[in-house]
Amino acid sequence: GKDVTVNGVSVRPPKTYSGNGLTLERAGVFLILISQLGLSVFWDGGTRVYVKLEPQYQGRVAGLCGNFDGDTENDFTSRQGIVEPTSDLFGNSWRVSLLCPEVHNEDFEHPCTANAHRGTWARKRCSIIMQHLFAPCHEEVPCQQFYDWCVFDACGCDSGGDCECLCTAIAAYAEECNTRGVYVRWRSQELCPLQCDHGLEYEACGPACPQTCKNFGLEPAEHCEAISCVEGCFCPD
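First residue of the sequence shown: 122, per my numbering; consecutive thereafter.
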């Protein structure tokens with residue numbers, strides 16, 4: 122796993138900071154930062170991050186992650202409260218400082234154009250999202266957009282093989298399937314293998330808070346009930 126530091130000091134989760142109400146936990150492949158405010162951040166140690174809010178914040182937040190009101194049509198709401206037609210206008214409105222240069226879509230070349238030699242490889246590897254392995258999820262989570270994102274990211278990788286951005290893109294679709302109750306064991310020794318040590322076994326959907334000697338008999342943490350399951354290495358049944 123990746124080293125976890127807090128203010129430059131290496132720490133080993135679980136770790137609780139009572140002064141500011143923050144807790145660091147591990148759940149499957151994720152490191153979770155939990156706050157008493159009702160906000161949790163999930164990080165897979167690579168390029169995948171999820172920000173989760175409790176229901177009382179619906180429609181009461183704003184920013185690059187949208188306003189959490191269940192309506193994707195207004196997620197490009199700018200700092201000025203205007204629904205922008207393009208992602209660059211929306212993103213530029215949320216610059217933390219006017220000294221930051223504006224970014225425009227035309228400034229970026231599609232990575233499959235910039236790295237034309239990777240296009241065929243990316244499309245072939247990402248096609249697993251469209252194929253029979255994920256078929257049980259296709260009705261629950263349309264796959265075309267995730268496939269397009271996967272190809273975009275995979276072309277942006279700087280080397281071949283099961284690079285991190287390819288595996289992260291496929292894992293993002295699998296995670297969305299998990300949230301809809303469709304659990305797909307998509308990893309293999311040939312594609313994005315996840316090595317489990319100490320007798321643990323890989324599960325596409327394992328308990329977010331597995332029972333251990335340390336937490337036996339204790340009240341489960343809030344995030345345990347909020348998350349149906351997570352991908353990772355777990356004790357065998």
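Where a beta carbon is used, it is the ideal one built from N, C-alpha and C, also for glycine.
Handout entry: Endpoints, alpha helix (DSSP H) assigned at I291
Key = Walking along the sequence shown from the start, residue 291 turns up at place 170. Element bounds for I291: E285 to T300.
Problem - Backbone secondary structure at R133 - three-state DSSP - result: The residue given as residue 133 occupies position 12 in the sequence shown. In this structure, R133 counts as coil in the three-state DSSP scheme.
Practice task
Return the chain-ordered list of same chain residues with a C-beta closer than 8 Å to the C-beta of C326, the five sequence neighbours on each side being excluded.
Solution key: The count along the sequence shown starts at 1 and reaches residue 326 at position 205. Contacts found: N299, Y304, S349, C350, V351 and E352.
Problem - Neighbourhood of C186 by C-beta distance below 8 Å, restricted to the same chain and skipping five residues each side - result: Looking up residue 186 in the sequence shown gives position 65. Excluding positions up to five away in sequence, the list reads V172.
Problem - Pair within 7 Å by beta-carbon distance, A295 and W307 - result: Taking the sequence shown and counting its residues from 1, the one referred to as residue 295 is at position 174. Taking the sequence shown and counting its residues from 1, the one referred to as residue 307 is at position 186. The answer is yes: Cβ separation under 7 Å.
Practice task
Could you check which residue in W215, R216 and D209 has the C-alpha nearest to that of E227?
Solution key: The residue you call residue 227 lines up with position 106 of the sequence shown. That would be D209, whose Cα lies nearest to the Cα of E227.
Handout entry: Backbone secondary structure at V272 - three-state DSSP
Key = The residue given as residue 272 occupies position 151 in the sequence shown. In this structure, V272 counts as helix in the three-state DSSP scheme.
Handout entry: I250 CB to nearest heavy atom of the ligand PLP below 6 Å
Key = For the ligand PLP, the structure offers nothing, since it holds no ligand at all.
Exercise for the section: With a 10 Å radius around its C-beta and 16 neighbouring C-beta atoms as the bar for buried, classify G149 as buried or exposed. Expected result: Taking the first residue of the sequence shown as 1, we reach residue 149 at position 28. Buried.
Exercise for the section: Report the three-state DSSP secondary structure of L315 (helix, strand or coil). Expected result: Here residue 315 is taken as the residue at index 194 of the sequence shown, counted from 1. Three-state DSSP puts L315 in coil, outside helix and strand.
Exercise for the section: Alpha carbon to alpha carbon, how far is G212 from V182? Give it in angstroms, no decimals. Expected result: Numbered from 1 along the sequence shown, position 61 holds the residue referred to as residue 182. Numbered from 1 along the sequence shown, position 91 holds the residue referred to as residue 212. Approximately 16 Å, taken between the alpha carbons.
Practice task
State the CB to CB distance for the pair R200 and S218, rounded to an integer number of angstroms; the pair is presumed to be in contact (CB under 8 Å).
Solution key: Start at 1 with the first residue of the sequence shown, and residue 200 comes out as number 79. Start at 1 with the first residue of the sequence shown, and residue 218 comes out as number 97. So it is not a contact: roughly 12 Å between Cβ atoms.
Handout entry: Supposed close pair C330, C345 - CB separation, criterion 8 Å
Key = Mapped onto the sequence shown, residue 330 falls at position 209. Mapped onto the sequence shown, residue 345 falls at position 224. Correct: roughly 4 Å between the Cβ atoms.
Handout entry: For K245 and S139, the rounded distance between their alpha carbons
Key = The residue labelled residue 139 in the question sits at position 18 within the sequence shown. The residue labelled residue 245 in the question sits at position 124 within the sequence shown. Spanning the two alpha carbons is a distance of roughly 49 Å.
Problem - Residue burial classification, I250 (beta-carbon count within 10 angstroms, cutoff 16) - result: For the purposes of this step, residue 250 is taken as residue 129 along the sequence shown, with counting starting at 1. Buried: at least 16 other Cβ atoms inside 10 Å.
Exercise for the section: Return the first residue and the last residue of the beta strand (DSSP E) that K335 is part of. Expected result: Locating residue 335 in the sequence shown gives position 214, counting from the first residue. Here K335 belongs to no beta strand (DSSP E), and DSSP marks it neither H nor E.
Exercise for the section: Specify whether the stretch 225-241 and the stretch 190-197 touch according to this definition: at least 3 beta carbon pairs, one from each stretch, less than 8 Å apart. Expected result: no
Handout entry: Best match in E260, S161, A275 and E311 for proximity to A243 [C-alpha to C-alpha]
Key = Taking the sequence shown and counting its residues from 1, the one referred to as residue 243 is at position 122. Checked all of E260, S161, A275 and E311; the closest Cα to A243 is A275.
Exercise for the section: Report yes if the CB atom of V224 is closer than 7 Å to the CB atom of C247, and no otherwise. Expected result: The residue you call residue 224 lines up with position 103 of the sequence shown. The residue you call residue 247 lines up with position 126 of the sequence shown. No, these two residues do not count as a Cβ contact at 7 Å.
Practice task
Starting from Q151, follow the beta strand (DSSP E) in both directions and report where the run begins and ends.
Solution key: Here the question's residue 151 lines up with position 30 in the sequence shown. Before going on, a small fix: residue 151 reads as Phe here, not Gln. Looking at the DSSP string, the run of the beta strand (DSSP E) that includes F151 is F151 to S156.
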